[in-house]
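J.: Handing you a structure now.
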Amino acid sequence: MTTRILTGITTTGTPHLGNYAGAIRPAILASQQPGVDSFYFLADYHALIKCDDPQRIQRSRLEIAATWLAGGLDPAKVTFYRQSDIPEIPELTWLLTCVAAKGLLNRAHAYKASVDKNVEAGEDPDAGVTMGLFSYPVLMAADILMFNANKVPVGRDQIQHVEMARDIGQRFNHLFGQGKDFFALPEAVIEESVATLPGLDGRKMSKSYDNTIPLFTSAKDMKDAISRIVTDSKAPGEAKDPDNSHLFTLFQAFSTPAQCAEFREELLQGLGWGDAKQRLFQLLDGQLAEKREHYHQLISRPSDLEDILLTGAAKARKIATPFLEQLREAVGLRSFRTTVQASTEVKKKAAKSARFVSFRDEDGSFRFRLLAADGEQLLLSRSFADGKSAGAVSKQLQQGGEADVRVEGLGFSLWLNGEQVADGPQFEAAEARDAAITSLREALAPQAD
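Using the UniProt record's numbering, read the sequence shown as starting at 1 and increasing by one per residue.
Given below as structure tokens:
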């Protein structure tokens, strides 16, 4: 059984070592596993919530797309696209917004944090809060539910959003599914083994703290950044404590077990911090130099990146477009042509409730009647010598055989293949006769499966 995994990457900055070790590298490795259908997208609509600098967003989209490809993501084996290239996503966001409870969104961590900050500052609770921030979980739910992802790898701070996607999807299924589940309910996946890397100052590596080491910066700039990693004051020759060293944690995230064990032992034996930083630089440069070159080649050919992403979008929309049509149909946003067709089908079903009743007459011959839905007799057949002949005629009529209704005064007769096979009742008025003929024709109309 194939498992669909979906990962989004917000486009608000330049990828750094922490992004690579914590999300990009494990996600690329996961995409190479058998039985996995992987979806990766640039979450550029989400970026608009956090950033109002168009140039930064545009640059970040380019850099992050190039980073994933240079890191080893194979667009032929996964679905790799920009969120903003899938118009079905914002439309689904609105459908989900209409079923998402405000109380649910009130409990979102990001919104609550903004409110708490405002209250502490004596401001209006919603000061500076946009609908983008407030509705962020609904957009994320649309990202996930659009492609019915089974698993969504996230950090612990994003678990709540996946749970909200489950709640919203379940609500939609309940309201509009009529026994069918449109949306699979996603599961948040937390990779306990994935490293959270420290930055230059020991805090979590983050653009917010300005303590990052850019992933594909030049070798010189990477070496300069590593030289600024905060260490203790122990001199060369003094034993260092690897378990309390930010530098060692970084080394450990990129080394093999054997390399890590060797480096640990050298620190315990008194390796100087300057030499230790040089060792870290050599390790990182050895792993990233080829990827760095590939990255800069991609950055220099934005048209090639555009083609790759548009191809991925076309692949994603082959799923999204017909799926959204189903959802539009479910909520009542249907074509008027479909409405007319559905109305006709209802009439046909009503007509289909008319029934043929076979019987044997007193003289031993076989006949059949056609009764309307209300039990009124519409036809009485002529006599047949055997039941097989009577059954063949009634079957032909039920299957939409070419029957001809001929008016005869205030009555009518039914002809099949040039032979009279049945008679209608006699009526007191032409209007009643014509109404019965209309009912007869509806009852004999070919029925769609």
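Every residue, glycine too, gets a C-beta built ideally from N, C-alpha and C.
1. Using a threshold of 8 Å, state whether the C-beta atoms of Leu105 and Pro54 are closer than that.
2. Please state whether the Cβ-Cβ distance between Phe176 and Val331 is less than 8 Å.
3. Quick test of your reading: Lys207 and Gly13, contact by CB under 8 Å. State the CB separation rounded to the nearest angstrom.
4. Does the segment 72-81 come close enough to the segment 31-38 to have 3 or more Cβ pairs within less than 8 Å?
5. How about Leu378 and Ala445: do their beta carbons lie closer than 8 Å?
6. From what residue to what residue does the alpha helix (DSSP H) around Gly169 run?
7. According to DSSP, is Glu431 part of a helix, a strand, or is it coil?
8. Check whether the segment 57-69 and the segment 291-306 are in contact - that is, three or more C-beta pairs closer than 8 Å.
9. Tell me which same chain residues have a C-beta within less than 7 Å of the C-beta of Asn148, skipping the five on either side of it?
10. Could you tell me whether the Cβ atoms of Phe384 and Ser365 are closer together than 8 Å?
11. For His16, count neighbouring C-beta atoms within 10 Å of its own C-beta (all shown protein chains included) and say buried if the count is 16 or more, exposed if not.
12. Beta carbon of Lys240, beta carbon of Leu267: below 8 Å?
13. Give the range of the alpha helix (DSSP H) segment to which Leu283 is assigned.
14. Going by Cα to Cα distance, which pick from Gly424, Gln278, Ser358 is closest to Ala392?
15. In whole angstroms, what is the alpha-carbon distance linking Arg433 and Gln399?
16. Note down, in chain order, each residue of its chain lying with its Cβ closer than 8 Å to the Cβ of Gln287, except the 5 sequence neighbours on either side.
17. I want to check one thing, is the minimum distance from the CB of Pro198 to the heavy atoms of the ligand MG below 7 Å?
18. Enumerated in chain order, which unbroken segments of the alpha helix (DSSP H) with a length of 4 residues or greater are wholly contained in the segment 81-157?
19. Please determine, among His174, Ser135, Phe172, Pro186, the residue with the shortest C-alpha to C-alpha distance to Tyr159.
20. Counting along the chain, where does the beta strand (DSSP E) carrying Leu62 start and finish?
21. Look up His16 in the DSSP assignment and say whether it is helix, strand or coil.
22. Go to Gln396, then tell me how far its alpha helix (DSSP H) extends in each direction, as first and last residue.
23. Can you check whether the CB of Ala372 is closer than 8 Å to the CB of Ala390?
T.: Taking the coordinates as given:
1. As a working mapping, residue 105 is identified with position 105 in the sequence shown. As a working mapping, residue 54 is identified with position 54 in the sequence shown. No. Outside cutoff.
2. Position 176 of the sequence shown holds residue 176. Position 331 of the sequence shown holds residue 331. A contact, by the Cβ cut-off of 8 Å.
3. Residue 207 sits at position 207 when you count from the first residue of the sequence shown. Residue 13 sits at position 13 when you count from the first residue of the sequence shown. With 8 Å as the limit, Lys207 and Gly13 qualify as a contact, their Cβ atoms being about 5 Å apart.
4. yes
5. Position 378 of the sequence shown, counted from the first residue, corresponds to residue 378. Position 445 of the sequence shown, counted from the first residue, corresponds to residue 445. No. Outside cutoff.
6. Counting from 1 along the sequence shown, the entry for residue 169 is found at position 169. Its alpha helix (DSSP H) spans residues 159-176.
7. Indexing the sequence shown from 1 puts residue 431 at position 431. Helix, per DSSP.
8. yes
9. Sequence index remark: in the sequence shown, residue 148 carries index 148 (1-based). Excluding positions up to five away in sequence, the list reads Arg4, Phe183, Ala184.
10. As a first step, residue 384 is located in the sequence shown; it is residue number 384 there, counting from the start. As a first step, residue 365 is located in the sequence shown; it is residue number 365 there, counting from the start. Yes. Within cutoff.
11. As a working mapping, residue 16 is identified with position 16 in the sequence shown. When all chains shown are included, His16 counts as buried.
12. Locating residue 240 in the sequence shown gives position 240, counting from the first residue. Locating residue 267 in the sequence shown gives position 267, counting from the first residue. Taking 8 Å as the Cβ cut-off, Lys240 and Leu267 qualify as a contacting pair.
13. As a working note, residue 283 is residue 283 in the sequence shown. 273-299 is the extent of the alpha helix (DSSP H) around Leu283.
14. Along the sequence shown, read from residue 1 onward, the residue named residue 392 stands at position 392. Nearest option by C-alpha distance: Ser358.
15. Here the question's residue 433 lines up with position 433 in the sequence shown. Here the question's residue 399 lines up with position 399 in the sequence shown. Arg433 and Gln399: Cα-Cα distance of roughly 24 Å.
16. Looking up residue 287 in the sequence shown gives position 287. Cβ within range, chain order: Phe254.
17. Within the structure as shown, the ligand MG is missing, as the structure has no ligands at all.
18. Entirely contained in the segment 81-157, the alpha helix (DSSP H) runs reaching 4 residues are, in chain order, 88-97, 102-106, 109-120, 131-146.
19. Position 159 of the sequence shown holds residue 159. First, the amino acid is wrong: residue 159 is Ile here, not Tyr. Ranking His174, Ser135, Phe172, Pro186 by Cα distance to Ile159 puts Pro186 first.
20. As a position in the sequence shown, residue 62 is number 62, starting the count at 1. Not the beta strand (DSSP E): Leu62 falls in the alpha helix (DSSP H), residues 54-70.
21. Position 16 of the sequence shown, counting from 1, holds the residue named residue 16. Annotated three-state conformation of His16 is strand, per DSSP.
22. Taking the first residue of the sequence shown as position 1, residue 396 is located at position 396. From DSSP, the alpha helix (DSSP H) with Gln396 extends over 387-398.
23. Residue 390 sits at position 390 when you count from the first residue of the sequence shown. Residue 372 sits at position 372 when you count from the first residue of the sequence shown. Their beta carbons are not under 8 Å apart, which means Ala390 does not touch Ala372 by this criterion.
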